[in-house]
Amino acid sequence: MMDKQMQNNANHAPRYEGVFPVVPTIFHQNGALDLAGQRRCVDFMIDAGSDGLCILANYSEQFSLTDAEREQLIATVMKQVDGRVPVIVTTTHFSAQACAERSLKAQQAGAAMVMVMPPYHGATIRINEAGIYDFFRTVSEPLSIPVMIQDAPVAGTPLSARFLAQMANEIEAISYFKIEVPQAAEKLRQLIQLGGEAIIGPWDGEEAITLMADLNAGATGAMTGGGYPDGIQQVMRAWRAGDRAAAQAAYAKWLPLINYENRQCGLAACKILMKEGGIIASDYVRSPLAAVHPSTRDGLIEIARQLDPLVLNWGR
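Position in the sequence shown (first residue = 1) + 20 = our numbering.
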C-alpha cells in the first residue's frame, strides 16, 4: 500500500490547494453563449485572486449545455487563461466510456484535473459500489492528470469515507475529493484518516458555507461560487499562514454573503454580481431555470456592497 501511495504522490505533483471557484457560463439575454463576456469573467476571477478555476460544473449550468458548446467553452477558457492558473474541467456523464472520452479530451486541452460525480440518472437510477468503482477505474485509466470525485447530494449516491479512501488507494488517478454533503467536516476527517497519503486533495465545496469547519477537519482547497474569490481568499490565506484568528474573523465577515448565495440565489449569484459590476452584460440563466426575484437580487447586492468585493468594481 505504501508503494502505491508514494507513486500517487509522485505522479500528481504539484499539489493543488487554495481557492478554485466555479466559472459561470455566460449567456446573452437570448440564451446564446457570450464568449466575449466569458473571457472577461475569466480575467476578473483570476484578478480576484483565484488559485485556479473550475469550468463546466453544476454551477456553470453544465446540464444545460450541448456537447458542441462544452467544447467551445473549454477552448475559449483555456486560451484566455493561457497558463496563468490551473483549470479543472468537469466531465461528469452517466456513461463510463463517455466520461472517459470527455476526460481525455479535457486533458488534451490542458486541464490540470477533471472533476466527476458518481453515475446517476434521474431520481431513481443509482449504481452500487462495485459499479461505481468500475466506473472510476474506467474513467481514470487513460489519464495522466488527477480525478476529483464530487461527493454532493445532487447525485443521491451515498459514498462512504471508507469507499472513497479505498478508491484513492487502489485507482491511480483518484486523489482529490470535493465533499459537500451534510456533516462534511466529519467526512473529510474520516477520509483523511482512512486514506492517508493517498488523499492528496481533501476539498471543501458548497459555496464555502462550511469552510471553517472543513478547514479544521483538514481541507486544503475550496471550490466556491465565482463572484468573490477575493473574499474567500481572505479566509484561506490567513488559515494557510497559520493565523487562525484572522481566518475566523474573515469568515465571519463574509459569511452573510456566502449564506445569501447558498440559500437564496444559488448559481445565479455570481452572474448577478458580475453584471452589477459591469463585467458581463447579462446575468441570464438558461431556461428552464428562472431568474432570481428582483427583491432577492437587491438583497444580494446590498450585502455585497457592504463588503466591497472586486466584482462590483473590476468592470467599471
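Just so you know, even glycine gets a beta-carbon here, dropped at the ideal spot from N, CA and C.
The model shown is predicted, which means the values in this text are computed figures rather than measured ones.
* To do: Would you give the residue range spanned by the alpha helix (DSSP H) that M294 belongs to?
  => Start and end: A288 to E296.
* Thinking C-alpha only, which one of D303, A185 and A269 is nearest K207? -> Taking only the C-alpha atoms, the option nearest K207 is A185.
* Every unbroken beta strand (DSSP E) inside the stretch 202-228 [3 residues or more] -> Counting whole runs of 3 or more residues, the stretch 202-228 contains the beta strand (DSSP E) stretches 221-224.
* Asked: Which value, in whole angstroms, describes the spacing of the CA atoms of K198 and W223?
  -> Rounded to whole angstroms, the gap between the alpha carbons of K198 and W223 is 5 Å.
* **Boundaries of the alpha helix (DSSP H) in which S302 is found, first to last residue** => Bounds of any alpha helix (DSSP H) do not take in S302, whose DSSP letter is neither H nor E.
* Spatially closest choice to A269 from A131, M232, A237 and N236, by CA coordinates -> Across the set A131, M232, A237 and N236, the C-alpha of M232 shows the shortest separation from the C-alpha of A269.
* Between the stretch 98-105 and the stretch 80-88, are three or more C-beta pairs nearer than 8 Å? -> Between the stretch 98-105 and the stretch 80-88, the count of C-beta pairs closer than 8 Å stays below three; the two stretches do not touch.
* Asked: CB I147 to CB V167, shorter than 7 Å?
  -> Taking 7 Å as the Cβ cut-off, I147 and V167 do not qualify as a contacting pair.
* **Inter-residue CB distance, G176 and Y140 (contact presumed, cutoff 8 Å)** => Sure, about 6 Å apart at Cβ, within 8 Å.
* To do: Could you give the DSSP three-state label for T144: helix, strand or coil?
  => Three-state DSSP puts T144 in coil, outside helix and strand.
* Neighbour-count burial assignment, N28, 16 or more Cβ in a 10 Å radius -> For N28, the predicted structure reports a pLDDT of 46, less than 50, and the residue's modelled location is therefore unreliable. A value from the coordinates is still provided. Taking a 10 Å sphere around the C-beta of N28, we find 16 or more other C-beta atoms and assign the residue as buried.
* Give the straight-line distance between the Cα atoms of A126 and L287, rounded to the nearest whole angstrom. => So the two alpha carbons sit approximately 23 Å from each other.
* Leaving out the 5 sequence neighbours to the left and right, which residues in its chain are closer than 7 Å to P276 when beta-carbon positions are compared? -> So the list reads I323, once near-sequence residues are dropped.
* Does the separation of the CB atoms of G251 and P329 fall below 7 Å? -> Yes, the Cβ-Cβ distance between G251 and P329 is below 7 Å.
* Asked: Under the three-state reduction of DSSP, which class applies to S70: helix, strand or coil?
  -> Looking at S70 - three-state DSSP - the assignment turns out to be coil, as it is neither helix nor strand.
* Asked: Quick one: what does DSSP say L179 is sitting in, helix, strand or coil?
  -> Of the three classes helix, strand and coil, the one that applies to L179 here is coil, per DSSP.
* To do: Could you tell me the boundaries of the alpha helix (DSSP H) in which M137 lies?
  => No alpha helix (DSSP H) contains M137, which DSSP labels as neither H nor E.
* Buried/exposed call for H313, threshold 16 Cβ in 10 Å -> Residue environment analysis places H313 among the exposed positions, since fewer than 16 neighbouring C-beta atoms fall within 10 angstroms of its C-beta.
* Run of the alpha helix (DSSP H) containing Y248, from where it starts to where it stops -> In the DSSP assignment, Y248 falls outside any alpha helix (DSSP H), carrying neither H nor E.
* Reduced DSSP secondary structure (H/G/I, E/B, other) of G238 -> G238 falls in the coil class under three-state DSSP.
* Answer yes if the stretch 288-305 comes into contact with the stretch 39-55, meaning at least three C-beta pairs across the two stretches below 8 Å, and no otherwise. => Yes: at least three Cβ pairs fall under 8 Å.
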